[in-house]
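Those sequence lines, one after another, are chains A and B.
Positions 1 to 231 (our numbering) are the ones given, in order, by the first sequence.
Positions 1001 to 1302 (our numbering) are the ones given, in order, by the second sequence.
Think of the CB as a built atom: it goes at the ideal place given N, C-alpha and C, for glycine as much as any other residue.
As the structure is a prediction and not an experimental result, all values here were calculated from the model.
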Amino acid sequence: MIGVRDFSTQLGGREVLCSVTFVPGGGAVTALCGPNGAGKSTLLRALAGLLPGGQPMPREVAYLPQGALCAWGLTVRQVAELGRIPHGDRNDAAVQRALAACGVTALAERRVDRISGGQARRAMLARVLAAEPKVLLLDEPVADLDPAACHDVMRLLRDFAGGGGTVVVVLHALELAATYADRLVVLQAGRVVADGAPADVLPAAAASFGMVLQSGAVPLLRPLVPPLGAS
Amino acid sequence: MLTLLSLMLGAAGLGVPDWGILWQLRVPRTGLALLVGAGLGLSGAVLQGVLRNPLADPWVLGVGGCAALGAVAVFYWGISAAFPPALPLGGFAGAAVGCLALLFVFRRAQSGPGLILAGVAVAALASALLSLALSAAPNPFALYEITFWLMGGLEDRTLMHLALAGPPVVLGCALLLRLGPGLDALSLGEETAASLGTPVPRTMRRAVLGVALAVGAGAAVAGGIGFVGLIVPNLLRPLVGERPGALLWPSMAGGALLLLLADMAARAAGLWLPLAAEPRLGVLTALLGAPFLVSASRRMAA
Chain A
1 MIGVRDFSTQ LGGREVLCSV TFVPGGGAVT ALCGPNGAGK STLLRALAGL LPGGQPMPRE
61 VAYLPQGALC AWGLTVRQVA ELGRIPHGDR NDAAVQRALA ACGVTALAER RVDRISGGQA
121 RRAMLARVLA AEPKVLLLDE PVADLDPAAC HDVMRLLRDF AGGGGTVVVV LHALELAATY
181 ADRLVVLQAG RVVADGAPAD VLPAAAASFG MVLQSGAVPL LRPLVPPLGA S
Chain B
1001 MLTLLSLMLG AAGLGVPDWG ILWQLRVPRT GLALLVGAGL GLSGAVLQGV LRNPLADPWV
1061 LGVGGCAALG AVAVFYWGIS AAFPPALPLG GFAGAAVGCL ALLFVFRRAQ SGPGLILAGV
1121 AVAALASALL SLALSAAPNP FALYEITFWL MGGLEDRTLM HLALAGPPVV LGCALLLRLG
1181 PGLDALSLGE ETAASLGTPV PRTMRRAVLG VALAVGAGAA VAGGIGFVGL IVPNLLRPLV
1241 GERPGALLWP SMAGGALLLL LADMAARAAG LWLPLAAEPR LGVLTALLGA PFLVSASRRM
1301 AA
């Protein structure tokens, strides 16, 4: 449904993406990896239709930018309700489900500027889910989260893809990509340098950071406690 | 009830006035206080929402300054002496020019900070031209009248002023009141708002146009009345929550109420305090606004 073919774009005279072809698959989690400045966020914006000439699809595609914040002291519930704007309704059931899925039901009436950064990040994720979209485009959604919460969010994305949805997520944690993604796309200097199943692409992903994988072993951290959203 | 009280308060003391005074003086004055205040309060709420900054105010955008410049130009060339309605018309024309200048600058930087910078630039230009006009005033009387007008006030306004300012203020408010969902979306940033289907540049253009109508027409008949747009939304936030779209109607009502109260306070002070004349309305709102700014800056620093 969404995707780019042979796509190039410039930012301030510098070529940020250079003839990139990328079509995310439905029912799958695709992780975008690569060093800072590789063009991951720009590619995500292009998919969201936010670059000049693009057309956002607010009902189908939900986009969460990097370090998303709310300018005002809205409550967590109000932030989640913003996700309903494309539908022009206040579907309380969808909002409630989104809050529960992100484990912030107990915080629903708290102001997002008076909870922790990680909790606020989950409130922003609840906003994206409340829209009940077909495609999730998430730019580093686990950046501020503790390790257990990281796994919670990644499992959430797996469930979303399991229900037939499309997920494209920018990740820096290769172990999360290796554990939860169906497909790993590595960007470097505006070009796709590797694209495939995580097991096959991980060495290339590590190389894009100037690192090597130790004897193919991926450091894995699995949570012992049940995820917050399930409780 | 306050409106009734306002109709009863005047230079002759508190009481039921005769029909002539009521119709010629009190109704225009009360009506204008409500109208101008509503436009200022609503404009403040919209601008703060668009710029995602609780310190935004219609006068920051330079719309007020340009209205003042337009009215002063009318004084300067002596048109207002020959044709009194030229004064509000000049103020409105100034606001319209300021609005166009703003849109022109804004077209290049279609973002919140770009809009603030454009507003500050327009305001600085208007202020410089205003000072130029004042320093080159043709006679002391003109200087006196211009300075007085800049301080803002609602005394001696007629039904004609009300008829002149009414339609543009109402039209501007109607335009601004429809921006609620767009402002809600903008609280997540311009990019996210766009991804939620909000036409961000169009929302900003409408906000600027609505503010120019509501504030320009109001400033044209009431002079320089600042800070209402700044105070009202910030007073209301703890009461009705911070969602920008939910602040629009309360800010409009709150602005009308605040200016009505301030005008009644000015009349009461003129009546019962040993002053040569009633205090100017713009001076009163500034006296209210300055301490408020200090407390707001403290809260932001904390």
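Short CB-CB distance (under 9 Å) between residue i and chain A
i	result
ALA1012 of chain B	Here ALA1012 of chain B scores only 49 on pLDDT, less than 50, and its place in the model should not be relied on; the value that follows carries that caveat. So no, ALA1012 of chain B is outside the interface.
ALA1286 of chain B	no
GLY1241 of chain B	yes
ASP1057 of chain B	no
ALA1045 of chain B	no
SER1131 of chain B	no
LEU1235 of chain B	no
SER981 of chain B	As displayed, chain B neither begins before 1001 nor continues past 1302, which places residue 981 of chain B out of reach and without an answer.
ARG1029 of chain B	no
ASP1184 of chain B	yes
ARG1298 of chain B	no
LEU1052 of chain B	According to the sequence shown, residue 1052 of chain B is Arg rather than Leu. Yes, ARG1052 of chain B counts as interfacial toward chain A.
9 Å Cβ cutoff, residue i in contact with chain B
i	result
ARG59 of chain A	yes
GLY236 of chain A	Absent from the structure is residue 236 of chain A, since the part of chain A shown begins at 1 and ends at 231.
LEU157 of chain A	no
LEU17 of chain A	no
GLY49 of chain A	yes
TYR63 of chain A	yes
ARG127 of chain A	yes
ALA230 of chain A	Reliability of the predicted coordinates at ALA230 of chain A is poor, the pLDDT of 48 falling under 50, and the value obtained from them is presented with this limitation in mind. With 9 Å as the cut-off, ALA230 of chain A does not count as an interface residue toward chain B.
ARG45 of chain A	yes
PRO56 of chain A	yes
MET237 of chain A	Outside the shown range of chain A (1 to 231) lies residue 237 of chain A, about which nothing can therefore be said.
ARG110 of chain A	no
MET211 of chain A	no
MET124 of chain A	yes
Proximity below 9 Å, CB of residue i to CB of residue j
i	j	result
GLY1166 of chain B	GLY1031 of chain B	yes
ASP182 of chain A	ALA204 of chain A	no
VAL29 of chain A	VAL4 of chain A	no
GLY34 of chain A	VAL193 of chain A	yes
ARG111 of chain A	LEU74 of chain A	yes
TYR63 of chain A	LEU43 of chain A	no
TRP1059 of chain B	ALA1123 of chain B	yes
ALA80 of chain A	LEU129 of chain A	yes
LEU1293 of chain B	LEU1055 of chain B	yes
LEU107 of chain A	GLN119 of chain A	yes
LEU1150 of chain B	GLY1224 of chain B	yes
LEU1258 of chain B	LEU1281 of chain B	no
GLY164 of chain A	GLY26 of chain A	yes
MET1 of chain A	LEU1188 of chain B	no
GLU1278 of chain B	GLU1155 of chain B	yes
Segment limits, alpha helix (DSSP H) that includes residue i
i	result
ARG45 of chain A	40-48
HIS87 of chain A	Note, HIS87 of chain A: premise wrong, no alpha helix (DSSP H); not H, not E.
ALA126 of chain A	117-130
PRO1181 of chain B	1180-1186
GLN55 of chain A	It is not in any alpha helix (DSSP H) - GLN55 of chain A carries neither H nor E in the DSSP assignment.
MET1160 of chain B	1159-1177
PHE160 of chain A	147-162
MET1151 of chain B	Run containing MET1151 of chain B: none; DSSP gives neither H nor E here.
PRO1233 of chain B	1228-1240
THR1203 of chain B	1200-1222
CYS102 of chain A	No alpha helix (DSSP H) holds CYS102 of chain A; DSSP gives it neither H nor E.
VAL1036 of chain B	1027-1051
LEU1069 of chain B	1063-1076
LEU176 of chain A	174-180
GLU1191 of chain B	1190-1195
According to DSSP, residues forming a beta bridge with residue i
i	result
VAL4 of chain A	A:PHE22
VAL186 of chain A	A:CYS33, A:ALA194
LEU136 of chain A	A:ALA62, A:VAL167
THR75 of chain A	A:ARG111
THR9 of chain A	A:LEU17
Run of the beta strand (DSSP E) containing residue i, from where it starts to where it stops
i	result
VAL170 of chain A	166-170
Any C-beta of chain E under 9 Å from that of residue i
i	result
ALA131 of chain A	The structure shown contains no chain E; its protein chains are A and B.
Item to complete: Determine which residues of the stretch 69-87 of chain A have a Cβ less than 7 Å from any Cβ of chain B, and write them out in chain order.
Response: Listed in sequence order: CYS70, ALA71, TRP72, GLY73, LEU74, GLN78, LEU82, ILE85, PRO86.
Exercise for the section: Taking only beta carbons into account, state which residues of the stretch 1192-1224 of chain B come closer than 7 Å to chain A, listed in chain order. Expected result: Cβ contacts with chain A come from THR1192, ALA1194, SER1195, LEU1196, GLY1197.
Next on the checklist: For the stretch 1169-1181 of chain B, list every residue whose C-beta sits within 8 Å of some C-beta in chain A, in sequence order.
Outcome noted: Of all residues in the stretch 1169-1181 of chain B, PRO1181 have a Cβ within less than 8 Å of some Cβ in chain A.
- Message: What are the residues in the stretch 1244-1270 of chain B lying within 7 Å of chain A by C-beta distance?
- Response: So the list reads PRO1244, given in the order they occur along the chain.
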